[in-house]
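Presented below is the structure to which this report refers.
Residue numbers (this note's numbering): 3 to 142.
Now the structure itself:
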């Protein structure tokens, strides 16, 4: 029962993470209204929560429940997937800081740096590949 709980937590985190990334990417443009900016910032908060859920679920499956930890620890594909997840987290730091810094702006439109759009696209590309790696890990 514990394994099922952590697997479900992991899947919910992954789905939420993917959904918020796609939603942010659909809303974002070179200039956004204050209302759009608030939506993007709120989605970023959900994104951070999703990362935490994914991490808790994944680490629990790796270390505490499910297959033996050595199954994952000796698998190079797992290490690649873990590295990609860390990259996704690192790529999200700059946009999150930008949203926090400009959260209380009174401007009607906010100019989005092009690098933020590119960082979202890079995160989406990495998140898109990660399920394939998960299948490869499960297949051994």
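All C-beta atoms in this analysis are idealised placements derived from N, C-alpha and C, irrespective of residue type, glycine included.
All values reported here derive from a predicted model rather than from experimental measurement.
Close Cβ partners of residue i (< 7 Å) along its chain, the five nearest in sequence each way excluded
i: residue 129; result: 19, 20, 23, 90
i: residue 105; result: 43
i: residue 77; result: 139
Host alpha helix (DSSP H) of residue i (start-end)
i: residue 131; result: 116–141
Selection from the options that minimises the alpha carbon distance to residue i
i: residue 39; options: 134, 102, 142; result: 102
i: residue 98; options: 15, 44, 12, 8; result: 44
i: residue 110; options: 16, 14, 36, 29; result: 36
i: residue 122; options: 14, 15, 42, 16; result: 42
i: residue 59; options: 5, 127, 26; result: 5
i: residue 100; options: 46, 16, 27; result: 46
i: residue 141; options: 105, 69, 120; result: 69
i: residue 50; options: 62, 64, 26, 65; result: 26
i: residue 48; options: 17, 61, 28, 77; result: 17
Nearest-angstrom Cβ-Cβ length linking residue i and residue j, presumed shorter than 8 Å
i: residue 86; j: residue 34; result: Rounded, the Cβ-Cβ distance is 28 Å, inconsistent with contact.
i: residue 94; j: residue 125; result: 6 Å
i: residue 55; j: residue 11; result: 6 Å
i: residue 138; j: residue 79; result: 5 Å
i: residue 8; j: residue 67; result: 6 Å
i: residue 118; j: residue 30; result: 7 Å
i: residue 72; j: residue 15; result: With a Cβ gap of about 24 Å, residue 72 and residue 15 do not count as contacting.
Segment limits, beta strand (DSSP E) that includes residue i
i: residue 113; result: 111–113
Nonlocal neighbours in the same chain, by C-beta distance under 8 Å from residue i, ignoring five residues either side
i: residue 83; result: 132, 135, 136, 139
i: residue 116; result: 32
i: residue 96; result: 117, 118, 121
Cβ of residue i within 8 Å of any chain B Cβ
i: residue 73; result: Among the protein chains of the structure shown there is no chain B, as only one such chain exists.
What beta strand (DSSP E) runs, 3 residues minimum, are completely inside the segment 22–103?
Those beta strand (DSSP E) runs which fall completely within the segment 22–103 and span 3+ residues are 33–35.
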